[in-house]
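Read through the structure below, which is laid out as C-alpha cells, and then see the notes.
2 protein chains.
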Amino acid sequence: MSRYSKKILNLINTSCEHLTAEQIYLEMKKEEPGIVLASVYNNLNRLHEEGLIRKVVIEGSPERYDKMLKHDHLVCSRCGKLTDIHLSDFTSQIEEQSGIKVLSYDLKINYLCPECIRQMENIRRNENG
Amino acid sequence: MSRYSKKILNLINTSCEHLTAEQIYLEMKKEEPGIVLASVYNNLNRLHEEGLIRKVVIEGSPERYDKMLKHDHLVCSRCGKLTDIHLSDFTSQIEEQSGIKVLSYDLKINYLCPECIRQMENIRRNENG
DNA sequence: TTTATAATTAGAATAATTCTAAATTTAGGA
DNA sequence: TCCTAAATTTAGAATTATTCTAATTATAAA
C-alpha cells in the first residue's frame, strides 16, 4: 500500500465534511509536510478505482471525495451546501421498473437547507414589514 | 430573447444525445457561422438559470446539457455511455422518509450497457475457449 | 430616433486536474 | 542483507473546460 493512502482514506472516512483534493492536501500537509498536490490526486484516483472511496461531482465546484458507505446527498439549491441523508435503498425498485441490473446509483436531492429557509423568511419579513 | 437562445434550446430539446457545450457550438456554427464558444456558454447558463434546461455532470467529462422533462440517467460503468431512463417519481417517497421538501432530484444509475455485457462475454469466451 | 440594457465577440485568465520524466521508495526474492 | 523491478512521489509543465474582461454590436423601449 502506498505511503499516503492509508492516511488519506482515514481522513475521508472520519471526516464529516465532503472534502476536495485541495482540502485533503492541506490536511495531509500537517502530518506530511513534503506531500504534493499531484500525489493527493494520484492517491484519490487509486482509492476510487479500488472502490474504497466515492467521488461526488456537483456543478460548479471541484470534485469531493466521500466515504463508500451507502448514502444519498442533499444539495441546497440556494447556497449549494452538501449534506448526507440516509434513505432506504431504491435498487430493487429501479430494477423492477427497468429490468436492468443496477450496480450502484447516485441520488442527489435539491432542496432548501434550514438556514436558507430562515434567511429567505427574514428577507420577506423585511420587505413586507 | 437573445439571438441564439431559441436555436440552442431547440437543439437540446430535439437531440437524442446529451450534448456538450462544444458539440452545441459545432452544431450551431452550421447555421450561425459567426457564433463563438463563449456565447454558447452564456446562453446555456442563461437557459439553465431560467430553468429551461438541465445540466448533467458526470465524473471525467465536460458538462452535458439536457432537456428539462423529468427523467433519470443510466451511466455505463465500463464505457461511460449516458442514456435516459424513465422511472417513476421518487419524490414523495423521499419526502416521507426525510421530512424535507424536495425541489427536484438527480438520479444516476451505474450499470453495464448491453454492448459492454456482450463484449465482456466475448472476452470471457476467448479466454476459456 | 435616442437611449439604455442586454448579448456578443475575441481573447486573456483561471481553476482543476492530468501528464511527463526523473528521482525515490517499497516489496519481494536471491 | 542486497538487488532488482515495480510502484509511488515529486516538480513543474500542460491541458481542458469554463469564466472573465472590455470593447462592440444588437435589441427593445420610450
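Chains as they are written, first to last, in our numbering: chain C, 1442 to 1570; chain H, 1442 to 1570.
Idealized CB from N, CA, C, for every residue including glycine.
Keep in mind it's a predicted model, so treat the numbers as computed, not measured.
Shown here for C/Y1552: same chain residues with a beta carbon closer than 6 angstroms to its own, the five before and five after excluded, namely L1515 in chain order. Contact of H/Y1552 with chain C by beta-carbon distance below 8 angstroms involves I1541, K1542, V1543 and L1544. For C/Y1506 against C/K1496, the beta-carbon gap comes to about 6 angstroms, under 8 angstroms, which counts as contact. In its chain, beyond the 5 residues on either side, no residue has a beta carbon closer than 6 angstroms to the beta carbon of H/S1443.
Contact of H/S1518 with chain C is assigned, a C-beta pair being separated by under 9 angstroms. Within the DSSP bridge table, the entry for C/C1520 names no partner. Not a single C-beta of chain H is nearer than 9 angstroms to the C-beta of C/K1508.
Rounded to the nearest angstrom, the gap between the Cα atoms of C/K1522 and C/L1493 is 24 angstroms. Residue state for C/S1533 is assigned as helix, using DSSP reduced to three classes. Taken in chain order, the members of the region 1485-1516 of chain C whose beta-carbon sits within less than 8 angstroms of a beta-carbon on chain H are K1496, V1498, I1499, E1500, E1504 and L1515. If you ignore the 5 residues before and after C/L1548, its C-beta comes within less than 6 angstroms of the C-beta of D1513, all in its own chain and listed in chain order.
Three or more Cβ pairs closer than 8 angstroms define a contact, and the region 1550-1566 of chain H meets that threshold against the region 1537-1548 of chain C. Check the Cα spacing between H/C1520 and each of H/I1476, H/V1477, H/P1555 and H/E1472: the tightest is with H/P1555. For H/S1443, there are no neighbours in chain C by C-beta distance under 7 angstroms, as the nearest C-beta there is about 22 angstroms away. The criterion of a C-beta distance shorter than 9 angstroms is not satisfied by C/V1498 and H/I1476.
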